[in-house]
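Count the sequence shown with the UniProt record's numbering and you get residues 1 to 325, in order.
Just so it is clear, CB atoms sit at the ideal spot from N, CA and C, and this is done for glycine as well.
Given the structure is predicted, the values throughout are model-derived calculations rather than measurements.
What follows is a single structure, written as structure tokens, with notes after it.
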Amino acid sequence: MDAIETNSLGRRFGDVNAVESLDLTVQKGEIYGFLGPNGAGKSTTINMLLGFTPPSSGSGTVLGYDLEHESVAIRQSVGVLPEDFGVYGRLTARKHVRFAIETKGADDDPDDLLGRVELADVADRTAGGFSTGMKQRLALAMALAGNPDLLILDEPSSGLDPNGAREMRAIIREENERGTTVFFSSHVMEQVEAICDRVGIMRDGRLIAEDAIDSLKDRFDADSRLVFTLDTVADDIVPALETMNGVTDINADGNDVSVVVADASRKAPVIEAVGASGVTIKDIRIDDSSLEDLFATLTTGERPTSRHAEENAANTTQLIREADQ
């Protein structure tokens, strides 16, 4: 049994199809990234999964419970971190968590849950003075009440600085290692790329792609960029490369030549062509497209035009991975 499964799930609001024919599968034990631009249908989907919004068509289950007929059981079994969670400023962290435990009818130790999100030392502080990161971790502690098999996290890194985002990712990984399935909705592509096993991408109410990130890049022929550092850039090298099959962009800057290919299979011919031109290749760097590039391609139908933006996205993702190690 999958953690989440929907079959032709849909929701209409008047003449608007907010979600249409959604076939979504989230496997037990994975971290699944749920992506899409504003208005794509992500929030409506989450509300249907939790039983807050009834579907107009189709069906689905969460942890084996039917969306329409067993919504109370779903909410009792799932931990939810909503977007823009608001704390009660006069209540302590412990009282927040105790309230969540009582609501779930569970018997957790509030201090244990606070310890799991690294808030044990502030259990008796009122939440009104917490930083954004602390509030997010408090919300996650409340979501962990009842030891849920599934966590639904809506923008868990929203408003966090890099250190706070790194701490949140570490906590999510720890919970996943305990066996918890994580459904992770976010606009921050670098965060998703750093943590998720698979992703689903929504556009205009439809799921347009679903797979592991690397597999999606292979399926949709995401761009790759080769940056050559040469001893000298001959006058004819750029025109020659521009005529090659699969080359979509080329730029020369000093002794660096940047070549973008739309198909990964075209990397080798480009490298051979540069080597055969008579120049000395001092260095080659290959920058494959980031999830942000793939997201832009799938949701807008256009390939990114800013190579600086692609480089920044790739560098940011690499820094995230290094920080997590």
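For residue 257, the nearest candidate out of 239, 34 and 263 (CA to CA) = As a working mapping, residue 257 is identified with position 257 in the sequence shown. It is 239 whose Cα lies nearest to the Cα of residue 257.
Cβ neighbour criterion (16 or more within 10 Å) applied to residue 32 | On the sequence shown, position 32 is the one that residue 32 refers to. Answer is buried; the Cβ neighbour count reaches 16.
Do the stretch 152 to 170 and the stretch 6 to 18 meet, that is, are 3 or more Cβ pairs less than 8 Å apart?
-> no
Alpha carbon to alpha carbon, what distance is there between residue 246 and residue 280?
-> Looking up residue 280 in the sequence shown gives position 280. Looking up residue 246 in the sequence shown gives position 246. Taking the straight line joining both Cα atoms gives about 23 Å.
Can you grab the Cα-Cα spacing for the pair residue 100 / residue 215, in whole Å?
-> Within the sequence shown, the letter at position 100 stands for residue 100. Within the sequence shown, the letter at position 215 stands for residue 215. Going from the Cα of residue 100 to the Cα of residue 215 covers about 39 Å.
How about residue 62 and residue 207: are their beta carbons less than 8 Å apart?
-> Here residue 62 refers to the residue found at position 62 when the sequence shown is read from its first residue. Here residue 207 refers to the residue found at position 207 when the sequence shown is read from its first residue. Going by C-beta atoms, residue 62 is not nearer than 8 Å to residue 207.
Every unbroken beta strand (DSSP E) inside the stretch 176 to 254 [3 residues or more] | 181 to 185, 198 to 203, 206 to 211, 224 to 230 and 247 to 253
For the stretch 120 to 134 against the stretch 86 to 98, are there 3 or more C-beta pairs whose distance is under 8 Å?
-> yes
By DSSP, does residue 87 sit in helix, in strand, or in coil?
-> Within the sequence shown, residue 87 is the residue found at index 87, counting from 1. Coil.
Give me the Cβ distance between residue 50 and residue 87, rounded to the nearest whole Å; I'm assuming they're in contact under 8 Å.
-> Sequence index remark: in the sequence shown, residue 50 carries index 50 (1-based). Sequence index remark: in the sequence shown, residue 87 carries index 87 (1-based). With 8 Å as the limit, residue 50 and residue 87 do not qualify as a contact, their Cβ atoms being about 21 Å apart.
List the whole-angstrom C-beta distance separating residue 261 from residue 270, where the pair is believed to meet the contact cut-off of C-beta under 8 Å.
-> Here residue 261 refers to the residue found at position 261 when the sequence shown is read from its first residue. Here residue 270 refers to the residue found at position 270 when the sequence shown is read from its first residue. Right, their Cβ atoms sit about 6 Å apart.
Would you say residue 142 touches the ligand GDP, meaning its beta carbon is less than 7 Å from a heavy atom?
-> Ligands displayed in this structure: none; no statement on the ligand GDP is therefore possible.
Name the residue from 242, 138, 227 and 38 whose alpha carbon lies nearest to the alpha carbon of residue 115.
-> One-based indexing of the sequence shown puts residue 115 at position 115. Answer by Cα proximity: 138.
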